[in-house]
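For reference, the structure is listed below as structure tokens.
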Amino acid sequence: MAVALIMVAVMALPVVAPAAPAPAARLEAVLAAAGDICGTHLAWNNPQRHQYDNVADLIEAMNPDKFLMLGDAQHEDGLLSDYQTYYDSEFGKLLPITAPTPGNHDYYWDYWAPNNPHTTYDGEGYFGYFGAIAYPPYGYYSFSIGSWHIVCINS
Numbered sequence: 040m041a042v043a044l045i046m047v048a049v050m051a052l053p054v055v056a057p058a059a060p061a062p063a064a065r066l067e068a069v070l071a072a073a074g075d076i077c078g079t080h081l082a083w084n085n086p087q088r089h090q091y092d093n094v095a096d097l098i099e100a101m102n103p104d105k106f107l108m109l110g111d112a113q114h115e116d117g118l119l120s121d122y123q124t125y126y127d128s129e130f131g132k133l134l135p136i137t138a139p140t141p142g143n144h145d146y147y148w149d150y151w152a153p154n155n156p157h158t159t160y161d162g163e164g165y166f167g168y169f170g171a172i173a174y175p176p177y178g179y180y181s182f183s184i185g186s187w188h189i190v191c192i193n194s
């Protein structure tokens, strides 16, 4: 019977402290969502209503990966000048992480008063404000973030 002799050489290895664990990765994306947001006046912490400034600050404090604007960002007529004056004053800081979806007020059209000077047929204020991130001229798109797949539908 053959016997194998195994010799193990032990080398002097330097003592190395274990590496600090990597920070825990966020497994899921953090999403914030709001719709039916701004009127045609500045919010300024109105205790009665239209506290959209507080909503924008709350969303910013959440540090979300994406902000889903769920339609009707700017009441009543969705005019570009209103977006620039009211919506942008509070939610403009979230624009880099915004995924907008239009609502009926973003496409304001008054069937009963078609000659209303605020009437738009193509969401020109909405698409003018949000630009390429709104996917003009149709406004529908989808994207994935984390394990979520988001579909924005312009109905």
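Position one of the sequence shown corresponds to residue 40 (this note's numbering), numbered consecutively onward.
Backbone N, C-alpha and C define an ideal beta-carbon position, used for all residues, glycine too.
Pick helix, strand or coil for residue 183, following the three-state DSSP scheme.
strand
Can you give the Cα-Cα distance for residue 229 and residue 72, rounded to whole angstroms?
What is shown of the chain runs 40 to 194, which leaves residue 229 out entirely.
Candidates 98, 90, 186 and 162: which alpha carbon is nearest residue 133's?
98
Which class does residue 206 belong to by DSSP, given the choice of helix, strand or coil?
One cannot answer for residue 206 here, as it falls past the ends of the chain, which runs 40 to 194.
Exposed or buried, residue 176, counting other C-beta atoms within 10 Å across all chains shown (16 or more means buried)?
exposed
If distances are taken between C-alpha atoms only, which option among 190, 184, 191 and 129 comes closest to residue 67?
184
Per the DSSP calculation, residue 113 is bridged to which residue(s)?
77
Taking the alpha-carbon of residue 123 as reference, which of 182, 187, 79 and 75 has the nearest alpha-carbon?
79
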